[in-house]
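Below is one structure; the comments refer to it alone.
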Amino acid sequence: MKKIWFLIKNHVLLAVVLVGILVVVGVVATRLIRAATTPLTKKYQTAVVTQQDISQIVSASGSVEAENKATLKFPTSGRLAWVGVQEGDWVKPWQVLASLDKHDLEKTLVRALRDYALERNDFEQEYRVTYQGQTPQTALTDTVKRLLEKNQWDLDKAVADVEIADYAVKMATLTSPIEGLVTEIKNAVPGSNIVYTTTEFTVVNPKVMKFVANADELDIGKIQLGQSVTVFLDAYPDEEFTGTVKQIGFSALTTSGGGTAFPLEIILGSNADYRFKDGMNGDCEITIAQKPAVLVVPYEAVKQKDDYQYVAVIDGRQIQEIKVETGLESDSQIEISHGLQEGQIVITGDES
């Protein structure tokens, strides 16, 4: 009886082992078959070689400014007698904006004119009577020469005093050199004493506006005057505006991130409806090169090996590394000028 039970136990154990082996073989075989039949396109991140237009673009951020803008201040402090404009008023060239009290300034001018008249009279009297027409160049003695030179200096000083006093009277009236809107008036209350450094009037001509941006130094050599620019403003997120590069700055500046950039001035289109406002922020794109109907692939598909570039192409169950020549590059794609054909499948990423 024990012998029979032993034989049965051994046969059961053997059967279990055989079943286990069959299960392992089945799993391995299934995986091998699946690996052999799964397309490579499902194992890698891929893209198709397509034919389309490609553009190389330089991007920069900036803000809108007026082409003609004037911030005006009095050259001296004093009592503000009169303000003739308000914010939002339209002014013409050389229109008076405000004036200081001229009472003391005009008195100073009158005093300077009187002093000049006295000095001129003394100068003429001594020239004709005392020195009988002598000049410093024809003076008979050094003493006479020095006295004649002093008389001339005193007269020149009197003339300068008149000019300075007259200038002060004229500068007490603040005028606008341009036409435009008065957009801001600071610290200008009639009847108050003002400090010339803090009182100011800002006039902006909104008819011609520009977009001022900072282009990275790596891109500045690709930008040329007259190039077309597409401008995107935060105030109008669903619209695009066109402009033209008018000026490329000569001197570099340091960006907030520590990089080096050059300022660009881009003239915008008509602003008859005043949609472009001083200070609006946005971005711009400058197309520096473009080609129509060329073969392109995603930038990630092109790899570098030694001194050449290649693309991994899926051909049935095989992967081929094909040497390629490239051309223009956009933000996401690159032109393939030689080596590939339209419709080929290329690998853009590692196994998924």
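First residue of the sequence shown? That's 0 in numbering that gives the first Met the number 0, and the numbers climb one at a time after it.
For each residue, glycine too, the CB sits at the ideal point set by N, CA and C.
- About 7 angstroms separates the beta carbon of V63 from that of G278, a gap short enough to meet the 8 angstroms contact definition.
- Closest option to A311, judged by alpha-carbon separation, among G281, S329, S331, D349: D349.
- Between P92 and S175, the C-beta spacing is below 8 angstroms.
- Pairing S331 with Y298, the inter-Cα distance amounts to about 6 angstroms.
- Contact between T229 and E239 is confirmed by a C-beta separation of about 5 angstroms, below the 8 angstroms threshold.
- Considering only I344, D215, V244, G83, the residue with the shortest C-alpha distance to G256 is D215.
- Excluding its 5 nearest sequence neighbours in each direction, N204 has C-beta neighbours in its own chain below 8 angstroms: A65, E66, N67, K68, I177, E178, G179, L180, listed in chain order.
- Scanning its chain for C-beta atoms nearer than 6 angstroms, with the 5 sequence neighbours on each side dropped, one finds around D114 the residues A157, in chain order.
- Counting along the chain, no beta strand (DSSP E) covers A116; the unbroken alpha helix (DSSP H) around it starts and ends at 102-124.
- Within the DSSP bridge table, the entry for G256 names no partner.
- Contact between Y195 and S76 is confirmed by a C-beta separation of about 5 angstroms, below the 8 angstroms threshold.
- The Cβ-Cβ distance between F231 and D282 falls below 8 angstroms.
- Taking the CA atoms as reference points, S336 sits about 14 angstroms from Q289.
- Residue environment analysis places G87 among the exposed positions, since fewer than 16 neighbouring C-beta atoms fall within 10 angstroms of its C-beta.
- In this structure I344 is in contact with V47, their Cβ atoms being roughly 6 angstroms apart against a cut-off of 8 angstroms.
- Between V211 and E148 a beta carbon distance of about 54 angstroms is seen, past the 8 angstroms cut, so the two are scored as non-contacting.
- Between the C-alpha atoms of A300 and Q317 there is a straight-line separation of about 17 angstroms.
- Following the DSSP letters along the chain, one finds V181 inside the beta strand (DSSP E) bounded by residues 179-185.
- Nearest to V244 by C-alpha distance, out of V95, A271, M170, I266, is I266.
- Distances from the CA of F249 to each of E183, L224, V295 were compared; the closest alpha carbon is that of L224.
- Beyond the five residues adjoining it in sequence on each side, K322 comes within less than 8 angstroms, by CB distance, of Y307, Q308, Y309, G338 in the same chain, given in chain order.
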